[in-house]
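As structure tokens, the structure follows; a few thoughts come after it.
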Ligand code: SF4
Ligand code: SF4
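Structure (structure tokens):
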């Protein structure tokens with residue numbers, strides 16, 4: 015019982031830690047203004063992406 | 027009453043159950059596609075959505091220049107950051123030495139990947155849906171592609187070369203930096219962005235088509251033809267997003283488990299049973315590698331198993347006594 019609980023916690027541990035790291039990354043990215051860069055790219059038609067030219 | 031009869035027919039491993047699983051998957055894929063491409067004005071006027079939702083990426087390969095797209099494409103956005111080499115050096119630059127690393131996007135991809143792994147490929151990607159539909163065309167299928175084992179690595183090469191290195195290091199012609207993957211490979215942009223936008227004729231038209239258009243249409247055409255005979259050739263061999271998510275299959279919350287006490291191959295009752303392996307169109311043997319890089323979590327194997335030995339979910343099943351196959355000896359990934 016104890017063993018299976020430990021196993022279950024272990025299985026959650028890695029993904030949970032990764033989510034925490036992801037949250038930090040997103041925070042740093044926003045602090046650098048990367049989200050603005052993403053928006054700027056996405057709101058203009060990207061001619062190369064759609065194969066015009 | 028009728029519902030109960032239908033349920034009774036859907037026995038584990040039966041054709042009825044497999045068809046049911048395929049139908050449910052198709053409904054989820056379609057609904058998600060409609061949800062993430064719901065900017066109707068774009069389709070009516072031949073333009074694109076310019077609102078704040080585009081701060082966020084969608085999980086699948088969905089061109090942000092699709093007239094309906096309400097989110098950003100993660101692969102396009104990654105290249106946009108790599109295309110800005112002085113990003114973070116000036117103005118808003120808080121972390122100048124790390125200016126090349128797209129933290130925001132890596133973070134977002136990690137969230138998607140850690141929650142779902144390649145379930146995103148199986149359920150939420152529009153180009154995956156397109157290939158699934160084309161594969162339904164009833165023509166003879168190619169089950170074994172020559173060099174398949176090696177071709178599977180191509181998507182990792184494309185990720186490193188076309189999504190990261192080339193956009194980061196080189197410009198093309200007079201344009202200093204370019205999204206190399208989007209420009210020279212991505213069929214999704216041509217199919218759900220270029221063709222509808224040029225056809226509707228709002229912001230762009232077919233009059234602007236040139237050599238690049240011919241190249242991109244040719245790539246799309248080849249992939250469509252291949253998809254009739256080979257299951258998801260783009261996902262298997264070319265997609266850099268699938269390559270990224272593949273690494274998360276092992277650590278994601280959503281996982282597949284094999285209950286060895288039920289699996290007749292595992293407990294030696296019948297060495298001949300390979301229903302799951304035969305059902306998998308991605309070439310994965312789920313019993314050996316429940317979290318293989320290539321598994322798109324489509325669930326075909328689960329539906330094909332006559333003993334209901336394959337289970338999946340976001341939390342480990344506490345009733346699974348022998349799920350070693352999923353965690354210990356079989357964790358070595360085997361790209362078939
Ligand atoms: S591999 Fe790429 S194109 Fe295929 S389903 Fe996954 S994200 Fe979509
Ligand atoms: S192993 Fe199963 S879930 Fe994974 S791709 Fe193959 S059939 Fe789909």
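Residue numbers (the working numbering), protein chains in the order written: chain A, 15 to 67; chain B, 27 to 362. By construction, the Cβ of each residue, glycine as well, lies at the ideal position given by its N, Cα and C atoms. All values reported here derive from a predicted model rather than from experimental measurement.
Span of the alpha helix (DSSP H), counted from its first residue to its last, around residue i
i: residue 108 of chain B; result: 100-108
i: residue 147 of chain B; result: First-last for residue 147 of chain B: undefined, no H or E at that position.
i: residue 56 of chain A; result: 48-56
i: residue 196 of chain B; result: Looking at the DSSP string, residue 196 of chain B is not in any alpha helix (DSSP H), and its letter there is neither H nor E.
i: residue 68 of chain B; result: 66-71
i: residue 237 of chain B; result: 237-255
i: residue 155 of chain B; result: 152-161
i: residue 138 of chain B; result: 129-142
i: residue 90 of chain B; result: Counting along the chain, residue 90 of chain B falls outside any alpha helix (DSSP H), and DSSP gives it neither H nor E.
i: residue 174 of chain B; result: 174-177
i: residue 304 of chain B; result: 301-305
i: residue 167 of chain B; result: Looking at the DSSP string, residue 167 of chain B is not in any alpha helix (DSSP H), and its letter there is neither H nor E.
i: residue 331 of chain B; result: That residue, residue 331 of chain B, is in no alpha helix (DSSP H); it is neither H nor E in DSSP.
DSSP three-state assignment for residue i, whether helix, strand or coil
i: residue 281 of chain B; result: strand
i: residue 336 of chain B; result: strand
i: residue 114 of chain B; result: Residue placement at residue 114 of chain B is flagged as unreliable, the pLDDT there being 49, under the threshold of 50; a coordinate-derived value is accordingly withheld.
i: residue 224 of chain B; result: helix
i: residue 123 of chain B; result: Its pLDDT being 48, under 50, residue 123 of chain B is placed unreliably by the model, and nothing is read from it.
i: residue 184 of chain B; result: helix
i: residue 261 of chain B; result: helix
i: residue 62 of chain A; result: helix
i: residue 267 of chain B; result: helix
i: residue 29 of chain A; result: helix
i: residue 36 of chain B; result: coil
i: residue 216 of chain B; result: helix
i: residue 22 of chain A; result: helix
i: residue 207 of chain B; result: helix
i: residue 75 of chain B; result: coil
i: residue 313 of chain B; result: coil
i: residue 272 of chain B; result: helix
i: residue 34 of chain A; result: helix
i: residue 191 of chain B; result: helix
Distance cut-off 7 Å: residue i Cβ against heavy atoms of ligand 2
i: residue 285 of chain B; result: no
i: residue 310 of chain B; result: yes
i: residue 50 of chain A; result: no
i: residue 322 of chain B; result: yes
i: residue 158 of chain B; result: no
i: residue 306 of chain B; result: yes
i: residue 174 of chain B; result: no
i: residue 327 of chain B; result: yes
Start-to-end residues for the beta strand (DSSP E) that takes in residue i
i: residue 86 of chain B; result: Counting along the chain, residue 86 of chain B falls outside any beta strand (DSSP E), and DSSP gives it neither H nor E.
i: residue 53 of chain B; result: Run containing residue 53 of chain B: none in the beta strand (DSSP E); it sits in the alpha helix (DSSP H), 41-62.
Straight-line gap, residue i to residue j (C-alpha atoms, nearest Å)
i: residue 56 of chain B; j: residue 59 of chain A; result: 24 Å
i: residue 289 of chain B; j: residue 335 of chain B; result: 5 Å
i: residue 129 of chain B; j: residue 48 of chain A; result: 8 Å
i: residue 166 of chain B; j: residue 310 of chain B; result: 21 Å
i: residue 168 of chain B; j: residue 252 of chain B; result: 10 Å
i: residue 123 of chain B; j: residue 54 of chain A; result: For residue 123 of chain B, the pLDDT reaches just 48, beneath the cut-off of 50, and the residue's location in the model is therefore unreliable, although a value from the coordinates is still provided. Roughly 23 Å between the two C-alpha positions.
i: residue 307 of chain B; j: residue 257 of chain B; result: 6 Å
i: residue 51 of chain A; j: residue 76 of chain B; result: 13 Å
i: residue 62 of chain B; j: residue 293 of chain B; result: 44 Å
i: residue 57 of chain A; j: residue 74 of chain B; result: 7 Å
i: residue 62 of chain A; j: residue 277 of chain B; result: 35 Å
i: residue 149 of chain B; j: residue 34 of chain A; result: 25 Å
i: residue 144 of chain B; j: residue 67 of chain B; result: 32 Å
i: residue 314 of chain B; j: residue 233 of chain B; result: 53 Å
i: residue 268 of chain B; j: residue 65 of chain A; result: 22 Å
i: residue 41 of chain A; j: residue 206 of chain B; result: 27 Å
i: residue 39 of chain A; j: residue 31 of chain A; result: 12 Å
i: residue 139 of chain B; j: residue 323 of chain B; result: 13 Å
i: residue 216 of chain B; j: residue 329 of chain B; result: 34 Å
i: residue 235 of chain B; j: residue 135 of chain B; result: 33 Å
i: residue 219 of chain B; j: residue 171 of chain B; result: 30 Å
i: residue 319 of chain B; j: residue 281 of chain B; result: 12 Å
i: residue 71 of chain B; j: residue 227 of chain B; result: 8 Å
Contact set between residue i and chain E, taken where Cβ atoms lie within less than 7 Å
i: residue 34 of chain A; result: Judged by its chain identifiers, the structure shown contains no chain E, and its protein chains are A and B.
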